[in-house]
Every structure is written in structure tokens, then in C-alpha cells.
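Just so we're aligned: 9 in our numbering is position 4 of the sequence shown, and the numbers increase by one with no gaps anywhere.
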Amino acid sequence: MLTLAADIEVLARFGRALADPIRCRILLALREAPAYPADLAEALQISRTRLSNHLACLRDCGLVVTVPDGRRTRYELADERLGHALDDLRTAVVAVEADRTCVDADEKGCC
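1) Quick one: Cα of S117 to Cα of F19, how far?
2) Are the beta-carbon atoms of A48 and A34 separated by less than 8 Å?
3) Between which two residues does the alpha helix (DSSP H) holding R64 run?
4) Count the other CB atoms, across all protein chains shown, that sit within 10 Å of the CB of Y41; report buried if there are 16 or more and exposed otherwise.
5) Starting from the C-beta of E39, find all residues in its chain whose C-beta is less than 6 Å away, skip the five residues before and the five after it, and write them out in chain order.
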């Protein structure tokens, strides 16, 4: 059982990052390989401004880092273990029917 506030905060940040489909797509793309923002925006078919906002969130959550590369900045996962964690989460069996949400979804903002 998680008891340390730091452990709970780490999981909360990870959950916040995964709560948005675009951020999930970014993380999955970076799982494959580091990338430059312009290339990510093109691959994900979103504007650079929108991508920038999501990358800032992922940086603030501690899941991605920037790596200077000459005059450009490359993004990559902050830790290679995140790629494994994403794979584990992606392939985990979730015991929820696809067409159902939590009973308290509207009140609690979940699902």
C-alpha cells in the first residue's frame, strides 16, 4: 500500500498526464523514439501551439525532458522505464466495459 506522499504524488502526476488523449499519443510516440516538436506536431496532426501546451504539461509532470541539439530541442521520455510502464498499462486488461463509465463520473470528474 502506498503511504508516502511522494509516491502518491508521482502516481497523481502520471495520471494527470495520461488523462488527455493527446498527451497519451505524445508519450507513445516518444516511447518509440525521441523527437523534435515540429516532427511530433506533424505526426500527430496537431498545431505546434497545441503540442507545446501538452509538452509543457508533460515536462511539469516530470515525464519528458528536453535535450538541446544544436539550435533545436529534442524531447524524450525522462526515464526509459516509462516506456515499459506505458507498455504495461497499454496491454493491461481493464475490467470495465467499453460503453460504461463510473457511476460518479460527472460528480467526481473521473472516467
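From the three backbone atoms N, C-alpha and C, an ideal C-beta is built for every residue, glycine too.
Answer, in terms of the structure:
1) Outside the displayed range of the chain (6 to 116) lies residue 117, so it cannot be described from this structure.
2) Your numbering for residue 48 matches position 43 in the sequence shown. Your numbering for residue 34 matches position 29 in the sequence shown. It is a contact, given that the beta carbons lie within the stated cut-off.
3) Within the sequence shown, the letter at position 59 stands for residue 64. Run containing R64: R53 to D65, per the alpha helix (DSSP H) assignment.
4) Start at 1 with the first residue of the sequence shown, and residue 41 comes out as number 36. Per the 10 Å Cβ criterion, exposed.
5) Translated into the one-based positions of the sequence shown, residue 39 becomes position 34. The displayed chain sequence assigns Pro, not Glu, to residue 39. Answer for P39: R79 and E81, listed in chain order.
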